[in-house]
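Residue numbers (my numbering): 3 to 250.
Glycine is no exception: its CB is placed at the ideal position from the N, C-alpha and C atoms.
If you're wondering where the values come from, they're calculated on a predicted model, not measured in any experiment.
Have a look at the structure below before the remarks.
Set out below in structure tokens:
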């Protein structure tokens with residue numbers, strides 16, 4: 003009997019934690035302003051330092067340093083591009099999850115910020131190394147990233163100075179919007195993350211897939227996440243209404 007009660011108690015705890023994780027957590031901002039601000043500063047600092055250092059490493063070690071033949075053609079790289087991407091995203095993921103104590107919102111926005119800032123740091127290193135302004139850069143983004151191609155060519159250069167890739171505008175715009183909202187408080191940060199997060203997550207995931215997979219993800223993932231968030235808000239409002247009726 004004692005074992006049965008222990009099992010039932012454990013089952014109840016699992017259900018409560020699952021409910022908090024999947025039904026309450028996504029639409030419930032951090033209750034403590036101080037805790038959220040501390041995690042926000044940690045995630046911002048981690049992302050800035052990591053992105054800049056990795057951009058320097060990527061330019062000088064991954065894509066510049068290597069073994070060349072007599073004609074100056076690169077014949078061997080210290081590390082292959084696909085290995086570089088695994089190391090880059092694996093490293094920032096571990097640091098962000100540990101630094102924010104598994105705050106998924108700060109983790110995802112940190113990934114986006116790292117993706118943008120690391121790329122910019124890479125091109126700034128090339129500018130410093132060669133003395134030549136790096137933009138407009140070759141459009142390798144649309145060549146390698148299916149979601150960029152499908153959305154109309156996010157890798158094309160802006161037709162005006164500073165001639166940076168077009169995706170810098172929505173990318174850095176989303177990052178700035180989120181961090182400005184986060185300064186006002188966790189509630190505003192959660193609202194912005196739910197507004198821009200689903201589409202940005204679909205774009206990032208689509209960079210790892212082919213054209214067909216990216217098309218499916220760009221349609222299904224945002225629609226599913228928006229429906230999920232809307233249903234959670236409905237359930238939360240319904241629960242508040244029922245509690246208010248019980249109190250009265």
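Counting only runs of 4 or more residues that sit fully inside the segment 170–207, the alpha helix (DSSP H) segments are 170–186, in chain order. Judged by beta-carbon spacing, residue 157 lies within the 8 Å limit of residue 167, meaning their Cβ atoms are closer than that value. Cβ contact annotation for residue 200 (same chain, cutoff 7 Å, sequence separation greater than five): 223, 224, 227, 228, in chain order.
Under DSSP, residue 159 shares a beta bridge with 167.
Taking 8 Å as the cut-off, the beta carbon of residue 124 is found closer than this to the beta carbon of residue 57. Burial check for residue 121: the Cβ neighbour count within 10 Å reaches 16 or more, so the residue is buried. Taking a C-beta distance under 8 Å as the contact criterion, residue 52 and residue 94 qualify as a contact pair. Around the beta carbon of residue 220, 16 or more other beta carbons sit within 10 angstroms, so the residue counts as buried. Between residue 176 and residue 42, the gap from beta carbon to beta carbon reaches 8 Å or more.
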